[in-house]
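Our numbering puts the first residue of the sequence shown at 10, with every later residue one more than the last.
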Amino acid sequence: MTWTGYRSTIAWMKAEDSGHPMTVKRRMGPVGSPSWHMLLDAAEDILREEGYAALTSRNITSRAGVNQQLLYYYFHTMEELIVAAFRRAAGREMERLEAAAESDHPLQAIWKVRSKKDLRSMPEFAALANRIEDLRAEIVDFRKNVRQLQVAALHKSLAGREAPTLELPAPALIALLDYAALYVNRDSEFDVVEGQRELITAFETFLDGIEPEATNEG
Numbered sequence: 010m011t012w013t014g015y016r017s018t019i020a021w022m023k024a025e026d027s028g029h030p031m032t033v034k035r036r037m038g039p040v041g042s043p044s045w046h047m048l049l050d051a052a053e054d055i056l057r058e059e060g061y062a063a064l065t066s067r068n069i070t071s072r073a074g075v076n077q078q079l080l081y082y083y084f085h086t087m088e089e090l091i092v093a094a095f096r097r098a099a100g101r102e103m104e105r106l107e108a109a110a111e112s113d114h115p116l117q118a119i120w121k122v123r124s125k126k127d128l129r130s131m132p133e134f135a136a137l138a139n140r141i142e143d144l145r146a147e148i149v150d151f152r153k154n155v156r157q158l159q160v161a162a163l164h165k166s167l168a169g170r171e172a173p174t175l176e177l178p179a180p181a182l183i184a185l186l187d188y189a190a191l192y193v194n195r196d197s198e199f200d201v202v203e204g205q206r207e208l209i210t211a212f213e214t215f216l217d218g219i220e221p222e223a224t225n226e227g
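Okay, structure coming up:
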């Protein structure tokens, strides 16, 4: 799966499960409808605010203000809803990253996206992935696709520029930048600021060396 595949989140959810040709499939609610999004919004809110242990069909429908039957009209199982919630969130993130990668200064733009990312739901999805195999596969694909996009952005920035010699291979450098952006973000959520400003300055100075026009243009 390529990273552009995340644009087809709705199409993926519409795909029918393969099964016995004589199996009668239960009619499901339309993917992408307001109610479908409302249920996923409620699930994401619970993950961010209360954690995965609170993610039950009762809590989701209570927060959404609907009855439990409606949830199972749109999703066969809770596992399907959770995978859909992650895939939708991943799709939003990939859209932001793709737009950043298409900018004139992709590394600077990607750094800003990653360092300002809301991370509260990600540890919860990771915990759920321990028991939901399909979710684990989605997370792995997403992380790989993000990394591929970032490496491509680095090569784009280096093309035709008098950039500093890289001491690390491109994939390793991108991994380091990404880890720094995400952990700076996470520390900020807990008001842990020691060394943070210095780390941000060091990485932004490095990025300025690769994409100096971004700083000059303000």
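Backbone N, C-alpha and C define an ideal beta-carbon position, used for all residues, glycine too.
Shown here for glutamate 88: same chain residues with a beta carbon closer than 6 Å to its own, the five before and five after excluded, namely Ile141 in chain order. The C-beta of alanine 211 has fewer than 16 other C-beta atoms within 10 Å across all chains shown, which makes the residue exposed. Leucine 116 has its alpha-carbon roughly 7 Å from the corresponding atom of serine 166. Restricting attention to beta strand (DSSP E) runs no shorter than 3 residues, the region 102–190 encloses none.
Distance from the CA of glycine 204 to the CA of methionine 103, rounded to the nearest whole angstrom, comes to 29 Å. Counting only unbroken stretches of 4 or more residues, the alpha helix (DSSP H) elements lying wholly within the region 187–223 are 205–219, in sequence order.
Taking C-alpha positions only, glutamate 53 is separated from glutamine 157 by approximately 26 Å. Isoleucine 69 is positioned such that its CB atom lies no closer than 8 Å to that of alanine 98. Distances from the CA of arginine 195 to each of Asp127, Tyr81, Trp120 were compared; the closest alpha carbon is that of Asp127. Here alanine 108 is exposed: its Cβ has fewer than 16 other Cβ atoms, across all protein chains shown, within 10 Å. Judged by pairs of C-beta atoms under 8 Å, the region 144–152 does not touch the region 70–79, as fewer than three such pairs exist.
Straight through space, the alpha carbons of isoleucine 119 and phenylalanine 215 are spaced by roughly 14 Å. Excluding residues up to 5 positions away in sequence, Ile69, Thr70, Ala73, Val75, Leu79, Leu80, Tyr83, Phe84, Leu90 lie with their Cβ nearer than 8 Å to the Cβ of leucine 48 in the same chain. For alanine 136, the closest of Glu220, Leu56, His46 by C-alpha to C-alpha distance is Leu56.
If you compare the alpha carbons of Pro39, Ala94, Lys125, Asp113 with that of aspartate 187, the shortest gap goes to Lys125.
For alanine 184, the CB contacts under 8 Å within the same chain, skipping 5 residues up- and downstream, are Arg156 in chain order. Under the three-state reduction of DSSP, methionine 47 is assigned to helix. With respect to valine 193, leucine 177 sits apart: the two C-beta atoms are not nearer than 8 Å. Within the same chain, and ignoring the five residues on either side of alanine 189 in sequence, the residues whose Cβ sits closer than 7 Å to its Cβ are Leu208, Phe212.
Note that the C-beta distance between valine 160 and alanine 179 is below 8 Å. Here leucine 106 is near valine 122, since their CB atoms are less than 8 Å apart.
Per the C-alpha coordinates, the member of His46, Val202, Leu163 positioned closest to glycine 218 is Leu163. Taken through DSSP and simplified to helix, strand or coil, glutamate 88 comes out as helix.
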